[in-house]
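To start, the structure itself, in structure tokens.
Numbering (the numbering used here), first residue to last: 7 to 309.
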């Protein structure tokens with residue numbers, strides 16, 4: 007019996023909750039996966055899975071076995087990667103996930119340069135708001151907006167997630183410059199749509215947090231479109247400063263400061279944009295090269 011293959015099948019069934027899902031993920035018939043796990047159970051002399059027509063779940067001993075073999079398989083995979091990584095030039099597959107707005111605007115252009123420098127790297131990028139587990143082997147590097155980076159990951163700050171109220175000079179010439187929070191009620195605004203809801207602006211005032219009243223003129227779930235609308239003169243936009251750094255520098259957008267409030271998209275502590283990875287993986291040539299390159303190209307310089 008190929009014990010290592012059987013263990014990998016067992017882990018996949020446990021993670022995905024059934025033979026059919028495991029078969030789809032591995033490209034191996036469900037019947038073959040089931041037989042290999044049965045062989046493993048025979049060798050161990052215990053049942054690892056409860057099988058019914060509707061669901062497959064771990065036995066108590068199956069849960070115990072999974073906990074111990076998973077770390078062993080991950081250690082084997084890591085050792086395999088280290089041996090394969092002896093080549094001088096970084097190569098192989100590199101999996102990166104990132105928050106969509108920052109990913110589209112800043113990360114993807116940097117990755118294009120990374121691939122140009124290291125043509126043997128195969129970069130697999132997913133732009134998503136879903137959090138990925140760095141502890142396994144599914145993701146090598148994550149770029150996330152968070153106020154509390156995970157303790158078990160190395161977190162390198164790329165930028166502050168501070169928000170700037172901004173508008174095009176042409177819009178301000180036509181409608182005037184808002185000076186106070188109440189002035190916003192007279193202005194057209196551009197709002198961000200998150201999954202399931204519209205994000206309304208929050209104002210930190212001397213009296214505490216309040217929701218800013220505005221007259222939305224455009225709403226979209228793509229940050230770059232909000233910036234483009236602001237540049238075209240549609241209205242006021244509240245966006246991360248890193249998202250409009252170029253527009254503020256070239257004068258196509260103007261930053262606006264209210265006298266009586268600081269605006270944000272959240273009442274929580276302001277997050278930052280972090281590059282996250284696990285320290286053991288940094289020993290891999292491809293991870294080290296990518297992390298160092300992205301930090302060099304993405305860490306925000308003081309204005």
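Ideal placement from N, C-alpha and C gives every residue a C-beta, glycine not left out. Computed from a predicted model, the values in this text were never measured in an experiment.
Residue i - containing beta strand (DSSP E), residue span
i: residue 101; result: 98-104
i: residue 217; result: 214-217
i: residue 260; result: 260-262
i: residue 285; result: Neither: residue 285 is in no beta strand (DSSP E) and is coded neither H nor E.
i: residue 56; result: 55-57
i: residue 210; result: 208-211
Coil, strand or helix - residue i by DSSP
i: residue 144; result: coil
i: residue 136; result: coil
i: residue 163; result: strand
i: residue 278; result: strand
i: residue 249; result: helix
i: residue 228; result: coil
i: residue 183; result: coil
i: residue 270; result: strand
i: residue 61; result: coil
i: residue 124; result: coil
i: residue 203; result: strand
i: residue 158; result: coil
i: residue 168; result: coil
i: residue 153; result: coil
i: residue 116; result: helix
i: residue 255; result: helix
i: residue 174; result: coil
Span of the alpha helix (DSSP H) around residue i
i: residue 45; result: 36-50
i: residue 15; result: 9-22
i: residue 302; result: 291-304
i: residue 29; result: 25-32
Residues near residue i in its chain [Cβ-Cβ closer than 7 Å; skip 5 each side]
i: residue 285; result: 160
i: residue 240; result: 194, 196, 223 and 224
i: residue 65; result: 53, 54, 55 and 56
i: residue 253; result: 233, 237 and 259
i: residue 25; result: 19, 36, 39, 40 and 62
i: residue 328; result: No answer is possible for residue 328: the residues shown for the chain start at 7 and end at 309.
i: residue 116; result: 300, 303 and 304
i: residue 211; result: 187, 266 and 267
i: residue 29; result: 35, 36 and 39
Close Cβ partners of residue i (< 8 Å) along its chain, the five nearest in sequence each way excluded
i: residue 76; result: 17
i: residue 123; result: 299
i: residue 242; result: 171, 172, 173, 177, 184, 190, 193, 194, 195, 196, 220, 236 and 262
Anticipated Cβ contact below 8 Å, residue i with residue j, distance rounded
i: residue 130; j: residue 100; result: 7 Å
i: residue 245; j: residue 170; result: 7 Å
i: residue 135; j: residue 106; result: 7 Å
i: residue 292; j: residue 54; result: Wrong, their Cβ atoms sit about 35 Å apart, outside the cutoff.
i: residue 36; j: residue 22; result: About 11 Å; that fails the 8 Å criterion.
i: residue 167; j: residue 276; result: 6 Å
i: residue 98; j: residue 133; result: Residue 98 to residue 133, Cβ: 21 Å. No contact.
i: residue 280; j: residue 164; result: 7 Å
i: residue 296; j: residue 120; result: 6 Å
i: residue 271; j: residue 205; result: 5 Å
Buried versus exposed call for residue i [16 or more other C-beta atoms within 10 Å across all chains shown]
i: residue 208; result: buried
i: residue 144; result: exposed
i: residue 217; result: exposed
i: residue 47; result: buried
i: residue 146; result: buried
i: residue 82; result: exposed
i: residue 113; result: buried
i: residue 198; result: buried
i: residue 274; result: exposed
i: residue 249; result: buried
i: residue 102; result: buried
i: residue 85; result: exposed
i: residue 9; result: exposed
Cβ neighbours of residue i in the same chain (closer than 6 Å, five flanking residues each side left out)
i: residue 72; result: 20
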